[in-house]
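A short write-up of the structure that comes next.
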Amino acid sequence: WDYLPPEFTSLFKEIESPAGGGLTDLGGRFASEVADGGVSKAAGPLFEAMGYRANAKHHTHKITSETAVALFQRKKISEDLFDERMLFGGFEPIEAGLQYDSQRPFPSIPDLILWARYHGEPDNVWGTLEDVYDIDPRDYPRWEWLGLQRMTTDHATKLFRRGLLEKYDFDYKMKEIGWRGENISDVLETSWMIPNAMLLTQGLLQTGADHEQIISSISKADIHPDYAQTYLDAILTKPSTADIIAYELRQDPDLSDLDHKLRRVGIHDDYTDVYRTLAYQIPPVADIITMAVREAFTPDIAARFGQYE
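If you count the sequence shown from 1, you need to add 17 to reach our numbering.
This is the structure:
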């Protein structure tokens, strides 16, 4: 009684020792059936455990014919083992071959319809298909439709943008494809092309747009908002190195801030000395010769050559 719920314990005790004067045949049969059921339920786990121990000891289970077919197709078992397992399954050789063929990989109906379009009349797939597969004629129209190409979201949006679909027809097509409600408008919005960020910025600058509008538009062109200002700084036109050097020479002949200014326009630090050296002009050769002549010929020497007569 220790394994029975309390509500069943009292019932079985009453059946075991009825309070009435006698137990009728009907009552006896009922008691017997209840007892059998109770014993079966109570002893079931015990017999199940016994079965596990017996299986662990005697190893009587074998792979099924279906498993044997799958393994033989994959070259995992020998032909002798395959034949033996098919015999264990009760298959004679002919039936074993049919069982094997039934489990061979076979194209699905949509794949067969695709094959039939290329190996027969594309407009009469049924005529080619009925020779290789038994399809219910009542279901065939559905299978054929599932094998047809259908308009995609990209097709529908392109046709609408090109004016070949009215808005109502476009919405209907999008619903057929599987879009609903406000998603249709959202998908259409994403299908429009936005100028790349550089062209967009140049156009806005040309029209005199303010800074906030330019920054906002740069982000709409797929530039992360955190880097919109950096992008704007990068694409705006900067002075050439020659202009920077000329300006710095007028501000500070020693060019003390030249390295910093050159770095801002992308000149590597390793080459700033080159620009600093070239910043100071060298006189043309003719001027150098003239200067040398003037240094060599003093007025006295020049007078001797009749230069001042």
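Just so you know, even glycine gets a beta-carbon here, dropped at the ideal spot from N, CA and C.
Tell me whether residue i sits in a helix, a strand or coil according to DSSP, three-state version.
i, result
"Arg-280", "helix"
"Trp-209", "coil"
"Asp-156", "coil"
"Lys-255", "coil"
"Trp-18", "With a pLDDT of 49 at Trp-18, under the threshold of 50, the modelled position of that residue is not reliable, and the figure given next carries that caveat. Three-state result, Trp-18: coil."
"Met-168", "coil"
"Ser-347", "In this structure the chain extends from 18 to 326, so residue 347 is not present and cannot be described."
"Ile-231", "helix"
"Trp-347", "This structure cannot settle anything about residue 347, because the visible part of the chain is limited to 18 through 326."
"Tyr-185", "helix"
"Gly-220", "helix"
"Tyr-288", "helix"
"Ala-296", "helix"
"Pro-301", "coil"
"Ala-238", "coil"
"Glu-312", "helix"
"Arg-267", "helix"
"Ala-392", "Nothing about residue 392 can be read from this structure; the chain reaches only from 18 to 326."
"Arg-179", "coil"
"Ile-306", "helix"
Pull up the CB-CB distance for residue i and residue j, whole angstroms please, since I reckon it's below 8 angstroms.
i, j, result
"Ile-201", "Asp-188", "6 angstroms"
"Gly-164", "Leu-115", "Incorrect: roughly 29 angstroms between the Cβ atoms, too far for contact."
"Leu-217", "Ser-234", "5 angstroms"
"Leu-266", "Arg-293", "Not quite, the Cβ-Cβ distance comes to about 11 angstroms (not below 8 angstroms), so this is no contact."
"Phe-105", "Lys-79", "6 angstroms"
"Val-86", "Tyr-117", "5 angstroms"
"Val-142", "Glu-161", "6 angstroms"
"Ile-232", "Leu-249", "7 angstroms"
"Glu-83", "Gln-120", "7 angstroms"
"Gln-374", "Leu-221", "Residue 374 cannot be examined here, being either before or after the span of the chain that is shown, 18 to 326."
"Ile-152", "Ile-126", "7 angstroms"
"Phe-89", "Phe-99", "4 angstroms"
Less than 9 angstroms between the beta carbons of residue i and residue j, yes or no?
i, j, result
"Arg-102", "Thr-77", "no"
"Thr-170", "Trp-196", "yes"
"Val-204", "Met-191", "yes"
"Arg-167", "Glu-193", "yes"
"Ala-238", "Asn-213", "yes"
"Ala-303", "Leu-275", "no"
Exercise. Pairing CB atoms from the segment 203-217 with CB atoms from the segment 174-184, are three or more of them under 8 angstroms?
Worked result: yes
Problem set entry | contact_flag[the segment 254-262, the segment 278-286] where n(CB pairs < 8 angstroms) is 3 or more | yes
Exercise. Considering only residues of the segment 75-154, which uninterrupted beta strand (DSSP E) runs meet the minimum length of 3 residues and lie entirely inside it, listed in chain order?
Worked result: none
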